[in-house]
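Participant: Let me begin by handing over the structure; questions about it come next.
2 protein chains.
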Amino acid sequence: MRILILNYERVVIEALTALVETMGNDFTVVGGSDSGLEGVELARRLTPDVVLSGMKLRELNGVDTTRRIMDEVPDTKVLILASDPKSEPLTEALEAGALGYITRHSEAAELETAVRTVYSGKVYLCPESASVLVETKVLAEDSEEEADVVFSVLTPREREVLQLLAEGNGSKEVADRLNISPKTVDTHRSNIMQKLETDSLADLVKHAIRAGLTDLKI
Amino acid sequence: MRILILNYERVVIEALTALVETMGNDFTVVGGSDSGLEGVELARRLTPDVVLSGMKLRELNGVDTTRRIMDEVPDTKVLILASDPKSEPLTEALEAGALGYITRHSEAAELETAVRTVYSGKVYLCPESASVLVETKVLAEDSEEEADVVFSVLTPREREVLQLLAEGNGSKEVADRLNISPKTVDTHRSNIMQKLETDSLADLVKHAIRAGLTDLKI
DNA sequence: ACCCCATCTAGGGAATTTCCCTAGTCGGTC
DNA sequence: GACCGACTAGGGAAATTCCCTAGATGGGGT
Chain C
1 MRILILNYER VVIEALTALV ETMGNDFTVV GGSDSGLEGV ELARRLTPDV VLSGMKLREL
61 NGVDTTRRIM DEVPDTKVLI LASDPKSEPL TEALEAGALG YITRHSEAAE LETAVRTVYS
121 GKVYLCPESA SVLVETKVLA EDSEEEADVV FSVLTPRERE VLQLLAEGNG SKEVADRLNI
181 SPKTVDTHRS NIMQKLETDS LADLVKHAIR AGLTDLKI
Chain U
1 MRILILNYER VVIEALTALV ETMGNDFTVV GGSDSGLEGV ELARRLTPDV VLSGMKLREL
61 NGVDTTRRIM DEVPDTKVLI LASDPKSEPL TEALEAGALG YITRHSEAAE LETAVRTVYS
121 GKVYLCPESA SVLVETKVLA EDSEEEADVV FSVLTPRERE VLQLLAEGNG SKEVADRLNI
181 SPKTVDTHRS NIMQKLETDS LADLVKHAIR AGLTDLKI
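For the record, the sequence lines run as chains C and U.
Mapped onto full-length UniProt numbering, the consecutive letters of the first sequence carry residue numbers 1 to 218.
Mapped onto full-length UniProt numbering, the consecutive letters of the second sequence carry residue numbers 1 to 218.
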């Protein structure tokens, strides 16, 4: 079973690699990255069986990375390793095509179970996230959840642009990274600002942080 | 005893006003604001006996607001009402001239004690912040605390500019607010970026948030 | 007293970015 | 086929940022 590991923190990538490889010799880690964009690229090149991905990644968040991977390498199974199922967009991850969702607080044994489960094409949710799902979806037909406008009103592409801007890139750099024209990035920025009802980059950064697209590390 | 209340949240201002006025009829709340800059102005105009201020305020943080007030109306006693003494710059507040420091979790009785103590010109620290002070200053001659570069390498003026920028203002708006030229704001921005070793507004916003100059509300 | 240096101030002018408007292409959907 | 949302991008004006220079002020050290 060939595994690709995506995580915001490089140390965690190494830790998970070590952990996965102690789980048995039918497990091989074929690669790792802290960038979502690079993750998509690696998934395409390496065609891993399972992608073990965090929700927060550089350049492209976990949800949209999942969406992209499912788009380009549909046979891949994505298992999300989130830090906090309550605050992070569980539903969006599942809609994007993730098969499993566990939290960082799970034990190694549970990780192995989860990986094997999604490898066989079945859904795996840790107890914690399962109950969150029940609460938000089954029980809450009224409270209507806004789940952060970033994931409801912005398009995937707009989120990519927002994240790259919030990571400190200018229009030109974002354009280079996404292989589009700087003018297009401008248009996206305008549209994002309009949708989020703001007119300052500072507020965009705040939105991005709240949505988990980036964090306070610099 | 005439009291001025400064707090980021308007509701809290009202709550504190009500609370203070139940403490006895020798207490009068003479004003309130959620802005540090306005707070300084009010302190000058109203010359309150005690300023009860939060650490996080709009436009100018609690530490620098205290510094300004001590500068312009030295007889005023400033009592800081912080939310978390561990993460917030207690030492800086005391250096800036605050006489007291208590946390939001204190009881009404303690607030009254604190206000009366600082009114008489004596220092009041709640038990919690006192122990933080001991730990960081008395016991920690080695660990040297970095207390966020924002408070160690930036000048007060630079922090003002940083905060206003992080609140979504452009150079012109910052300049208007501070009554200086937009060009001066530019210079400050450059200097701040150099000191914080960054070249993007996004990173400035993150620094500002970490230092508690602004938060994720928009 | 005197000098030094940090701080705050600000302009000129080039370079870059943002803003506003328009518009083509594509892939679904009704 | 018509329509719409998403993504793309250009032109051109407006605004902002960047780099460099520089004066005023005031505290601190010798």
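Where is the CB? At the ideal position from N, CA and C, for every residue including glycine.
(1) Might you give, ordered along the chain, the residues of its own chain that have their beta carbon closer than 7 Å to the beta carbon of glycine 57 of chain U, omitting 5 neighbours on each side?
(2) Looking at glycine 62 of chain U and alanine 93 of chain U, is the spacing between their C-beta atoms short of 8 Å?
(3) Please name the residue, chosen from C:Glu128, C:Gly170, C:Asp215, C:Gly212, that lies closest to leucine 201 of chain C on a Cα-to-Cα basis.
(4) Should the stretch 122 to 129 of chain C be regarded as contacting the stretch 95 to 112 of chain C, the criterion being three or more beta carbon pairs within less than 8 Å?
(5) So is arginine 10 of chain U buried or exposed if we call it buried at 16+ other beta carbons inside 10 Å?
(6) On a CA-only basis, which of C:Arg210, C:Thr117, C:Val29, C:Tyr101 is nearest leucine 162 of chain C? Give me that one, please.
(7) According to the neighbour-count rule (16 or more other Cβ atoms, all chains shown, within 10 Å of its Cβ), is glycine 54 of chain U buried or exposed?
(8) Using a Cβ-Cβ cut-off of 7 Å (strictly less than) and excluding sequence neighbours within five positions of valine 118 of chain C, which residues of its own chain qualify?
(9) Can you tell me where the alpha helix (DSSP H) holding isoleucine 209 of chain C begins and where it ends?
(10) Report the neighbours of leucine 216 of chain U on chain C: residues whose CB is nearer than 8 Å to its CB, in chain order.
(11) Keeping to the same chain, check which residues put their C-beta closer than 7 Å to that of asparagine 191 of chain C; ignore five residues upstream and five downstream.
(12) To test your reading of the DSSP string, which unbroken beta strand (DSSP E) runs of 3 or more residues are found completely within the UniProt domain "Response regulatory" (2 to 119) of chain U?
(13) Would you kindly report the start and end of the unbroken alpha helix (DSSP H) that includes asparagine 169 of chain C?
(14) According to DSSP, what are the bridge partners of leucine 125 of chain C?
(15) Between the stretch 144 to 170 of chain C and chain U, which residues of the former have a C-beta closer than 8 Å to a C-beta of the latter?
(16) Just the C-alpha distance for aspartate 199 of chain C and valine 205 of chain C, rounded to the nearest angstrom, thanks.
(17) So the alpha helix (DSSP H) threonine 198 of chain C belongs to, where does it begin and stop?
(18) Compare the Cα-Cα distances from residue 219 of chain C to each of C:Leu165, C:Arg2, C:Leu196 and report the closest residue.
(19) Can you tell me the Cα-Cα spacing of valine 73 of chain U and methionine 193 of chain C, whole angstroms?
Facilitator: Taking the geometry as given:
(1) Note that residue 57 of chain U is leucine in the sequence shown here, rather than glycine. Contacts found: Leu6, Tyr8, Asp34, Ser35, Gly36, Gly39, Thr65.
(2) Taking 8 Å as the Cβ cut-off, alanine 93 of chain U and glycine 62 of chain U qualify as a contacting pair.
(3) Selected option, being the one with the closest Cα: C:Gly170.
(4) Below 8 Å, enough C-beta pairs join the stretch 122 to 129 of chain C and the stretch 95 to 112 of chain C to call them touching: three or more.
(5) Flag for arginine 10 of chain U reads exposed.
(6) Per the Cα distances, C:Arg210.
(7) Around the CB of glycine 54 of chain U, 16 or more other CB atoms lie within 10 Å, so the residue is classed as buried.
(8) Taken in chain order, the residues that qualify are Val50, Lys77, Leu79, Leu99, Gly100, Tyr124.
(9) First-last of the alpha helix (DSSP H) with isoleucine 209 of chain C: 201 to 210.
(10) At a beta-carbon threshold of 8 Å, the residues of chain C lying near leucine 216 of chain U are Lys206, Ile209, Arg210, ordered along the chain.
(11) Apart from the 5 residues on each side of it in sequence, asparagine 191 of chain C sits with its Cβ closer than 7 Å to the Cβ of Glu158 in its chain, given in chain order.
(12) Contiguous beta strand (DSSP E) elements confined to the UniProt domain "Response regulatory" (2 to 119) of chain U occur at 2 to 6, 28 to 33, 50 to 53, 77 to 82, 100 to 103, taking only those with 3 or more residues.
(13) Per DSSP, asparagine 169 of chain C lies in no alpha helix (DSSP H) segment and is marked neither H nor E.
(14) Answer is C:Tyr101, bridged to leucine 125 of chain C.
(15) Legend: CB atoms of the stretch 144 to 170 of chain C lying less than 8 Å from CB atoms of chain U belong to residues Leu165, Ala166, Glu167, Gly168, Asn169, Gly170.
(16) CA-CA distance, aspartate 199 of chain C to valine 205 of chain C, rounds to 12 Å.
(17) Premise fails: threonine 198 of chain C is in no alpha helix (DSSP H) and is neither H nor E.
(18) Residue numbering for chain C in the displayed model covers 1 to 218; residue 219 of chain C lies beyond these limits and cannot be assessed.
(19) So the alpha carbons of these two residues sit roughly 42 Å apart.
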